[in-house]
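For reference, the structure discussed in these notes is given below.
Residue numbers (the UniProt record's numbering), protein chains in the order written: chain R, 1 to 477; chain E, 1 to 217; chain F, 1 to 247.
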């Protein structure tokens, strides 16, 4: 049972509280969804329930009381709360502590001091349940996003907590993986586990929810019962910054030849384009990760690169921009270009954009990018078009994730690169801004660049890409 | 890192060494993870920069001091998150373990822990909140760089007897012994300390320029 | 489960093939570091190389075994043969450096076996079994987990710098401090961010708490430990008794 009574929380370094006067009571066995646009405070509310606030985020200010399974979270130790709650954070891959599903499932029980015999029994049962959908012997970082989610869920509940907290579990999942997630959650609900999900996609939970809360500006705005929620039409959800169903992106396929292509065509049938890769055979760590006989990307178009983990998507991008050397030729506008020259003609907008913010002011970041480009547009001008002008004097690292991404895109546009790669640009960014990310990418393509978009996000791909290239792992020969 | 002055101790606390048995108990899980994360960042930065010079010994003369200076950046940020005794010493045990695995002589690990205890005392004297004691602590901690050189001093005769030296004849070896023994060792130690001070200053500067404004310090 | 001694790990690499107890591996690292960097350490270099390469082969890392042997062979040539052919002050210094670095190489070889074959939880359990304080066992385990994360962030920052044309020897020499800033600041910021979720999730699941942890597979000394202990003892005896080719 969870009872939050008039909680107000301000993160250190923040000007406004993330939660204000937030009150919520969840009965045992209830299935509750907190929804709302990112930044509304729904993830913060979860962190309040598992004690990360105030124990992990130490320097903020908290008023109000939170009780979970009879424990006052501010008085109890984190591991004590952890005994009663299981948490799955947004990116399962980032929270795994071990390499294998077995160890991961055992992890919490080991630390909480369960008897080894019991750990063994529970691990065996859990792993047997996972085996249908997850290759158990595989290393965790080789699994697909959906499989990682399954392992993270199993690891969060193996020690038998009565409360399960999930932060945007469906982000980065395929439609198929979402169905499996729904089944797992239904099973848990059947077992009487109290479940709280923070989510922006809602329809997949339709049959499970008991109550839905819309969070806005750190407080509960609307409450729907299960029946009311089912009656809410999708356009009302959209107005709240929420998504109903997941759409599947169906795009024309880019012809490609070679074992890495999911639907290979004969090499002669591949038309030419601004960026052509021929005879690319890339081996890393003793394994062939990419084998493409011929593929060509057009300028001024967005090509989505798709495929399961390990299919060679990032390797393809790294070869294209010249960061990865391998046998084969890369032609840019009809001329063979060496890796180093390709580096000078390329840019990547990385998944974690913090890696590519080098200066101490937003404006300086743009100045650095335009330093060696004659005739580049004025920094102020670029910032204004991207709605960053009011932030010109801020430190880039102090911006929100979405603003940081816009800044990196601005820098890319200023330095005028022929090949631009976007690596999972929608992960960790406000869903409401999906449209604006998509516009950014389209703009870069409109500037005349070859744009490669690596993404698992069907919504983003449907919105943005012109064509798709699906890669598949190269089988061992 | 907010105040630039040494804060005055209000009472006479017990010597930090007397608290040591209690230290491991007062470290929270958050402290342990923090130490581990910063230790790895520190190690990777030191190696990434020192290894730029692996191609030739003259390049090493540039990259080695630079890596001492660069080490100040993560270390000073780490110190802003240390508010009591313990983590600084644990940090040294942690990086010391990494040194051991990466082939450093074991005595280097001992030295690392030794200088960290001195750094801990300096920080403690500044109540873990003093600007200058943090910089001094980094300079002192940087002296672990002497560690990998210790075998060269301790087993001196053996190294002077290396095949290349033997071939140069006794006179050359004697001359080498003379110059290197007195001058080089002290220049090395002193320059490490100076670079450590510079690294601390750079770290403090970048704290102000970046990490505080980014909300990380 | 494969109980046969000295078998190479299965290709999948994840089944519990026979491995050394992490405590044995730590002892081997300490032992090799002590003898190789100690007085008369060159005597132990070749036996240490045999140990490191043997462990690598046993674990299935043929490439590492090869690299170690090639590295040591190169240093032997540069350190011992080159000054014979061409004695001058430069080769004398190179030779001195090689007699020093050759010891590092051997010690790293043994250390790499520890890192490559030990999972964070195994290391934690083993250090606990060896009565290391909680602070040390937890910190070491987290470092082992966090190492690839930080290394990946560092590589990504380097890539980003390369694409922006901010790397290169020229830029580095002209503005060394600016280059340091542009590398360290993003690298630290992104590593801390990557570590945030990991730390939160680990602490929620009880890591570093004051409870007494247990282990799914408590570390146990087995036959591989005995075999490798005997092999090591044999190599050490040979090192002391037999004349050494490297002096």
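Glycine included, each C-beta is placed from N, C-alpha and C at the ideal position.
Predicted model, so just to flag it, every value in this text is computed and none were measured.
Beta-carbon proximity check, residue i vs residue j, cutoff 8 Å
i              : j              : result
residue 92(E)  : residue 113(E) : yes
residue 109(E) : residue 100(E) : yes
residue 467(R) : residue 303(R) : yes
residue 355(R) : residue 160(F) : yes
residue 73(E)  : residue 184(F) : yes
residue 83(R)  : residue 161(R) : yes
residue 185(R) : residue 242(R) : no
residue 69(E)  : residue 195(E) : yes
residue 209(R) : residue 226(R) : yes
residue 39(E)  : residue 95(E)  : yes
residue 309(R) : residue 142(R) : yes
residue 197(R) : residue 233(R) : no
residue 86(R)  : residue 156(R) : yes
residue 120(E) : residue 89(E)  : yes
CA-to-CA distance, residue j to residue i, given in whole angstroms
i              : j              : result
residue 4(R)   : residue 376(R) : 53 Å
residue 222(R) : residue 427(R) : 27 Å
residue 232(F) : residue 51(F)  : 7 Å
residue 365(R) : residue 374(R) : 17 Å
residue 88(F)  : residue 169(E) : 10 Å
residue 48(R)  : residue 415(R) : 43 Å
residue 35(R)  : residue 296(R) : 42 Å
residue 166(E) : residue 190(E) : 30 Å
residue 157(F) : residue 368(R) : 16 Å
residue 25(E)  : residue 172(E) : Caution is warranted here: a pLDDT of 46 is assigned to residue 25(E), below 50, making its placement in the model unreliable, and no coordinate value can be reported.
residue 129(F) : residue 138(R) : 28 Å
residue 471(R) : residue 259(R) : 9 Å
residue 137(E) : residue 75(E)  : 10 Å
residue 53(E)  : residue 176(F) : 13 Å
residue 196(F) : residue 163(F) : 27 Å
residue 331(R) : residue 267(R) : 16 Å
residue 125(F) : residue 214(F) : 8 Å
Interface flag, residue i vs chain E, CB-CB below 8 Å
i              : result
residue 228(F) : no
residue 398(R) : yes
residue 78(R)  : yes
residue 91(F)  : yes
residue 122(F) : no
Below-8 Å beta-carbon distance, residue i vs any chain R residue
i              : result
residue 25(E)  : Interpretation of residue 25(E) is limited by its pLDDT of 46, a score under 50 that renders its predicted location unreliable; no figure is taken from the coordinates.
residue 212(F) : yes
residue 30(E)  : yes
residue 23(F)  : no
residue 173(F) : no
residue 57(F)  : no
residue 209(E) : yes
residue 95(F)  : no
residue 216(F) : yes
Neighbour flag for residue i against chain F, beta carbons, 8 Å
i              : result
residue 13(R)  : no
residue 491(R) : A question about residue 491(R) goes unanswered here, because the residues of chain R that appear run from 1 up to 477.
residue 54(R)  : no
residue 31(R)  : no
residue 148(R) : no
residue 97(E)  : yes
* Asked: Any chance the segment 196-215 of chain F sits against the segment 384-393 of chain R, with 3 or more Cβ pairs inside 8 Å?
  -> The way I'd put it, the segment 196-215 of chain F doesn't touch the segment 384-393 of chain R; fewer than three beta-carbon pairs between them come closer than 8 Å.
* Asked: Can you find at least 3 beta carbon pairs, one from the segment 97-108 of chain R and one from the segment 137-157 of chain R, that sit closer than 8 Å?
  -> A contact exists between the segment 97-108 of chain R and the segment 137-157 of chain R.
* **chain R contacts from the segment 141-160 of chain F (Cβ-Cβ distance under 7 Å)** => Residues are counted here when their Cβ sits less than 7 Å from a Cβ of chain R; for the segment 141-160 of chain F these are 145, 153, 156, 157, 159, 160, given in chain order.
* **Sufficient close CB pairs (3 or more, under 8 Å) joining the segment 235-245 of chain F to the segment 41-50 of chain F** => Per the Cβ contact rule, the segment 235-245 of chain F is in contact with the segment 41-50 of chain F (3 or more Cβ pairs under 8 Å).
* contact_flag[the segment 174-190 of chain R, the segment 112-119 of chain R] where n(CB pairs < 8 Å) is 3 or more -> The segment 174-190 of chain R is not in contact with the segment 112-119 of chain R.
* Note down, in chain order, all residues in the segment 335-362 of chain R with a beta-carbon under 7 Å from any beta-carbon belonging to chain F. => Residues of the segment 335-362 of chain R whose Cβ lies closer than 7 Å to any Cβ of chain F, in chain order: 343, 344, 346, 347, 348, 350, 352, 354, 355, 356, 357, 358.
* In the segment 128-156 of chain E, which residues sit with their C-beta less than 7 Å from some C-beta in chain R, listed in chain order? -> The segment 128-156 of chain E vs chain R, Cβ under 7 Å: nothing.
* To do: Could you list the residues in the segment 187-205 of chain F with a C-beta less than 7 Å from some C-beta on chain R, going in chain order?
  => Cβ contacts with chain R come from 189, 190, 193, 194, 197, 198, 200, 201, 202, 203, 204, 205.
* To do: Compile a chain-ordered list of the residues in the segment 28-39 of chain F whose CB is closer than 7 Å to at least one CB of chain E.
  => Of all residues in the segment 28-39 of chain F, 29, 30, 33, 34, 37, 39 have a Cβ within less than 7 Å of some Cβ in chain E.
* **Three CB pairs or more closer than 8 Å across the segment 132-144 of chain F and the segment 30-37 of chain E** => Yes, the segment 132-144 of chain F touches the segment 30-37 of chain E.
* To do: Please determine if the segment 79-96 of chain F and the segment 203-210 of chain E are in contact, where contact requires at least 3 C-beta pairs separated by less than 8 Å.
  => No, the segment 79-96 of chain F does not touch the segment 203-210 of chain E.
* Asked: When Cβ atoms are compared, which residues of the segment 94-123 of chain R fall closer than 7 Å to chain F?
  -> For the segment 94-123 of chain R, the residues whose beta carbon sits under 7 Å from a beta carbon of chain F are, in order, 94, 95, 97, 98, 99, 100, 103, 106, 107, 108, 110, 111, 112, 113, 114, 115, 116, 119, 120, 123.
* Asked: If you measure beta-carbon to beta-carbon, which residues of the segment 108-123 of chain E are closer than 7 Å to chain F?
  -> Those residues of the segment 108-123 of chain E that come within reach of chain F (Cβ to Cβ, closer than 7 Å) do not exist; the list is empty.
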